[in-house]
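To keep things clear, I will list the structure first and then write my remarks on it.
In the numbering used here, the protein residues as written are 3 to 292.
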């Protein structure tokens with residue numbers, strides 16, 4: 003919760019650098035050091051030490067994502083509007099996943115292949131996110147059971163699946179090329195593809211839990227509210243649905259981000275034979291990313 007403080011979203015690079023310098027001083031007050039530590043954790047990539055882009059910092063996730071999530075939940079009519087509401091959300095989640103990845107062996111600039119893969123991921127998830135509206139509009143399936151299924155049942159598992167898929171693809175290099183693993187003394191033992199695959203899979207699960215739950219809870223709330231109030235107008239239900247989405251996202255961001263620690267452990271037996279022979283420690287450490 004401290005790291006997600008929106009105040010850190012507004013801090014400048016100069017303030018972050020000052021906080022980093024303050025961490026190296028042993029003569030300052032503990033409170034100042036605590037503030038500097040939290041600012042550093044919320045604004046600096048823990049793998050590279052580089053300052054994260056402003057909108058892709060953990061503290062920026064809620065204020066940036068909430069309008070994008072609300073737009074994706076609106077009862078829009080027409081495939082074009084559905085695609086338009088999905089595109090910014092999928093762009094932002096892909097960018098956030100990339101900037102908060104494990105950066106082992108990565109270059110400062112993205113290659114053309116990586117840019118094409120990112121663009122393809124955004125395009126695919128945008129189209130897939132509009133599937134409920136496509137089913138109801140393009141194929142003319144407008145019966146009440148179909149609309150109920152597309153509006154209340156399908157969005158949550160679909161959002162979770164797309165969030166899971168986005169992490170798997172955007173951070174696929176970690177599974178293919180591996181990530182650094184360290185012993186208990188902080189020494190790099192080597193690069194492990196098994197640890198990279200685990201880092202990506204764990205992060206994908208956290209993002210699926212975040213987006214799936216955030217999408218499911220407002221739908222359930224509105225379904226109960228409509229039964230109680232007998233209100234059928236979708237647009238009149240939009241304000242309480244938006245409020246429930248804000249509350250769900252505000253709770254699920256810290257919960258999902260902390261499902262797995264950023265500095266994870268992996269048993270030695272799960273590593274490649276070459277790495278098992280390189281250390282006597284029974285557990286190794288690696289940076290999972292966020």
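Glycine included, each C-beta is placed from N, C-alpha and C at the ideal position.
Nearest in C-alpha terms to residue 61, of all of 7, 79, 13, is 7. In the displayed model, residue 268 falls within a strand according to three-state DSSP. Residue environment for residue 187: exposed (fewer than 16 other C-beta atoms within 10 angstroms of its C-beta). The Cβ atoms of residue 66 and residue 96 do not sit closer than 8 Å to each other. Each residue's CA atom was taken as its position, placing residue 73 and residue 41 some 30 Å apart.
In terms of Cβ geometry, residue 81 and residue 18 do not form a close pair [threshold 8 Å]. Judged by beta-carbon spacing, residue 248 lies beyond the 8 Å limit of residue 5, meaning their Cβ atoms are not closer than that value.
A distance below 8 Å separates the beta carbons of residue 164 and residue 127. The region 185 to 203 makes no contact with the region 218 to 228: fewer than 3 CB pairs, one atom from each, lie closer than 8 Å. Secondary structure of residue 198 (DSSP, three-state): helix. Taken through DSSP and simplified to helix, strand or coil, residue 89 comes out as helix. CA-to-CA, the gap between residue 148 and residue 11 works out to about 42 Å. Bounds of any beta strand (DSSP E) do not take in residue 59, whose DSSP letter is neither H nor E.
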